[in-house]
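Protein chains in written order, with the numbering used here: chain A, 143 to 943; chain B, 8 to 85.
Reviewing the structure listed below.
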Ligand code: SF4
């Protein structure tokens, strides 16, 4: 590098770091600083984008030169991250440049994937749809952009009258959705990240934000470095990096969280420290119905009291393993009105066979104690993926849902969707499609045995690595000639290597996009570089298949007026890749989708408003002066425009239609599979800081791969000594479903208690999902990756991780 | 040649770590417990190692990144 350029870059780097160091809390605007974009000189073009990776939704500035991403800077103007990025965000630009990008469509012939043209690939998919439209399924993603998910949703439900579309987000946050719906009648958190700047106490319920949401976690740590008093309580099944920062570490037995939440409720009532006014004005009680339904049936205050009477601190200690003293500490904290308390959770509470119940109970703790609806007082679920909220929960790319909080089972909702899509009445099928586990079960099952899914099209996800119990849910279809797997992706993965048709996709800033992060923030970006080879946008792929079916005369691909389902203004033929960017397809689809968002007070602003902003949190409502205003705190009169004047707090989608939220009665239950004589240990799976989910992108970034090169199993030191296992030794982790061989890491990054092991799932060479259990929550249908019974046995000595 | 701008979150009341005495690191103006730095290394492997070393220091709470130039890498990629 020439010395002038290095000096130039050093100046830019120092300017960016100095500016980021000068930012205070999220409420403080960034100080005036020299713009690093000027520092980099005229050869580099800068534009914004949200980070490609986690649900925190940090904004970056992307520097491009000669068609390549050459620099990344944290966006100082972005309220989420104020110029800071974690190690994954640092490398996000390099995710585009792995050596083995998929660049041409590939079709399996005689067992081998061979290149074919896009025209052939689109024709093959259209053939599969035409063969039996009802047996075609779409498996999508919380990493789909909003327009991509919307296009797939419209293609399936508004075109094929087929509801077999479900996303990988079913595996990561479906229980949060059912929890919000059961309690408030509408999905997604009431609060936002600002709560972290205001809370006196932050409680982590089974999540590890120091690794999974690092920039968000830094907001808490940053307050401490500024001398603010923030108490951090870490309620976990194993010690993690977050534990290192915690004031209290409460280790619980798997499913003990149900007992802990009930124990806090017990103490609020027993001590008389619940918020009587909040209860009188805003709450109702609910219990399970028979048959079980998400909305349950009405219960009384007396029934609620009778239920929680059993959850004394001593009883909770017995059920959860957390001491009665610590349960009292939690009860006392929630009983105090002078503190502001924020609860955070993620996969630990969602990947849980009682996920809806534990979500509802944590909401209940906040509601009954009145720790709700004020900045810093909030129960907040975090998402793992960058658009699990935007694309899955809001666009409704789930088997039972329609955009904007609508559901297929509701006559009125179907009618509204048909009107918005201008398709004939009756086009949208009333019967929910298959949720993820069911979809893959039906795909794995032979046709003769009732396996009625013959084709699955996978976009932006890697089910060959992430489905639970892979031996049962993924492998069988790969030997069945009737089954056909289509995968759109950017790199070879554990799924593409088994696919029948592989489509090369554009990624991140190689395409236009819109994401929706964990705090209801919608974030837009433009294409900044071109994808390699013949890689093309996933949204284009869907539209091209739809158009091929339209060309062949499939009635479902026409609207009521006989026009193509994805007809564009000016009739731009966007199914022709050469014309796809003649118009902003994202903007057209977004504006169409926006109509849905007003149906359940999730209003989005026009697309062009997001072009100007670093995201806005919905509902976004137009002001008398024409400007658009976001909402930080839902259901609170001081901020939410939909709360009636004088109400203070109003749950305007209440399941009881009286403005009240529901406090649920849910008992503690043991998990469906527990350690026994044959399989004496608990297995928990999860993620690590360096790798994004299955590592298909981060694994191709050399510094990240070096930092975390391979998977491992965390084993407790005493267990290891008892079994005669030493650090780095190769062991077999085995359940009733399958096994996985891994090196042992003792006293590593995470520290499990005795009788408990942890394995990350990022490494496709060590597929831990051959071991996990597909048992799922009855309402959310989300599988439990956090607990099943395994045994650990020695194999041979290997290198230490 | 990687150039990285980063922010060290120092533990309250503690001085910056001695690991900063490294010719590859330029230290900026401290702002409370946050310290901007620039790391310039010959190879990308080094910058990551340096940042990890800093993060492991008992004087440092966390290290975040504010800027990274990787034109050196993408210009040799296909
Ligand atoms: S915290 Fe998440 S969104 Fe932010 S830089 Fe890291 S991976 Fe990206």
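A virtual CB, placed ideally from N, CA and C, is assigned to each residue, including glycine.
Is there a Cβ from chain B that is less than 8 Å from the Cβ of residue 848 (chain A)?
Residue-level contact check: residue 848 (chain A) touches chain B, since one or more beta carbons of chain B fall below 8 Å from its beta carbon.
Please report the straight-line C-alpha distance between residue 159 (chain A) and residue 649 (chain A), rounded to a whole angstrom.
28 Å
Just verifying my parser: in three-state terms, what is the DSSP assignment at residue 281 (chain A)?
strand
On the DSSP bridge assignment, give the partners of residue 902 (chain A) in chain order.
A:828
Please state the DSSP three-state secondary structure of residue 414 (chain A).
coil
Pick out the complete alpha helix (DSSP H) segments inside the region 481–562 of chain A, 4 residues or longer, and give them in chain order.
Correct list: 489–492 and 497–511.
Return yes when at least one heavy atom of the ligand SF4 lies under 7 Å from the C-beta of residue 223 (chain A), else no.
yes
Cβ of residue 608 (chain A) within 7 Å of any heavy atom in the ligand SF4?
no
With a threshold of 8 Å between beta carbons, is residue 845 (chain A) in contact with chain B?
It does: the Cβ of residue 845 (chain A) has a partner Cβ on chain B nearer than 8 Å.
Which bits of chain A does residue 28 (chain B) rub up against, with CB to CB less than 8 Å?
Those within 8 Å of residue 28 (chain B) in chain A number zero; the least Cβ separation is about 18 Å.
Of the residues that make up the region 360–391 of chain A, which ones have a beta carbon closer than 9 Å to any beta carbon in chain B?
360, 363, 364, 366, 367, 368, 369 and 387
Roughly how many whole angstroms lie between the Cα atoms of residue 48 (chain B) and residue 656 (chain A)?
35 Å
Check whether the Cβ of residue 357 (chain A) sits closer than 7 Å to any heavy atom of the ligand SF4, and report yes or no.
Yes, the beta carbon of residue 357 (chain A) sits closer than 7 Å to at least one heavy atom of the ligand SF4.
Does any residue of chain A have a CB that is nearer than 8 Å to the CB of residue 66 (chain B)?
no
Taking 8 Å as the CB-CB limit, is residue 63 (chain B) close to chain A?
no
Proximity winner among A:616, A:654 and A:200, relative to residue 579 (chain A) (alpha-carbon distances)
A:616
Let's see if you can read the secondary structure: which residues bound the beta strand (DSSP E) around residue 76 (chain B)?
67–76
Using a Cβ-Cβ cutoff of less than 7 Å, which residues in the same chain neighbour residue 326 (chain A) once the five nearest sequence positions on both sides are dropped?
793, 795 and 803
In this structure, does DSSP put residue 334 (chain A) in helix, strand or coil?
coil
Three Cβ pairs or more, each shorter than 8 Å: is that satisfied between the region 919–927 of chain A and the region 836–852 of chain A?
By the criterion of at least three beta-carbon pairs nearer than 8 Å, the region 919–927 of chain A is not in contact with the region 836–852 of chain A.
Runs of alpha helix (DSSP H) wholly within the region 713–777 of chain A (minimum 4 residues, chain order):
727–739 and 749–754
Could you spell out the range, first to last residue, of the alpha helix (DSSP H) harbouring residue 476 (chain A)?
466–477
Which listed residue (A:896, A:763, A:487 and A:510) has its alpha carbon closest to that of residue 197 (chain A):
A:487
Report the rounded CA-to-CA distance for residue 373 (chain A) versus residue 152 (chain A), giving the unit in angstroms.
38 Å
Keeping to the same chain, check which residues put their C-beta closer than 7 Å to that of residue 174 (chain A); ignore five residues upstream and five downstream.
Residue confidence for residue 174 (chain A) is low, a pLDDT of 41 falling below 50, so the modelled location carries little weight; the figure read from the coordinates is stated next. Cβ neighbours of residue 174 (chain A) beyond the five flanking positions: none.
Heavy atom of the ligand SF4 less than 7 Å from the Cβ of residue 41 (chain B), yes or no?
Not so, every heavy atom of the ligand SF4 lies at least 7 Å from the Cβ.
Over the uninterrupted alpha helix (DSSP H) stretch that includes residue 364 (chain A), give me the two end residues.
356–367
Which value, in whole angstroms, describes the spacing of the CA atoms of residue 975 (chain A) and residue 652 (chain A)?
What is shown of chain A runs 143 to 943, which leaves residue 975 (chain A) out entirely.
Quick check: is any heavy atom of the ligand SF4 less than 7 Å from the C-beta of residue 190 (chain A)?
no
Counting only beta-carbon atoms, is residue 32 (chain B) nearer than 8 Å to chain A?
no
Please indicate yes or no: does the CB of residue 230 (chain A) lie closer than 7 Å to some heavy atom of the ligand SF4?
yes
For residue 302 (chain A) and residue 697 (chain A), I'd like the C-alpha separation in whole angstroms.
9 Å
Quick one: Cα of residue 589 (chain A) to Cα of residue 624 (chain A), how far?
Distance between the alpha carbons of residue 589 (chain A) and residue 624 (chain A): 8 Å.
Exposed unless 16 or more other CB atoms sit within 10 angstroms - verdict on residue 349 (chain A):
Buried, because 16 or more other Cβ atoms sit within 10 Å of the Cβ of residue 349 (chain A).
Excluding the 5 residues flanking residue 76 (chain B) on each side, which residues of the same chain have their C-beta closer than 6 Å to its C-beta?
10
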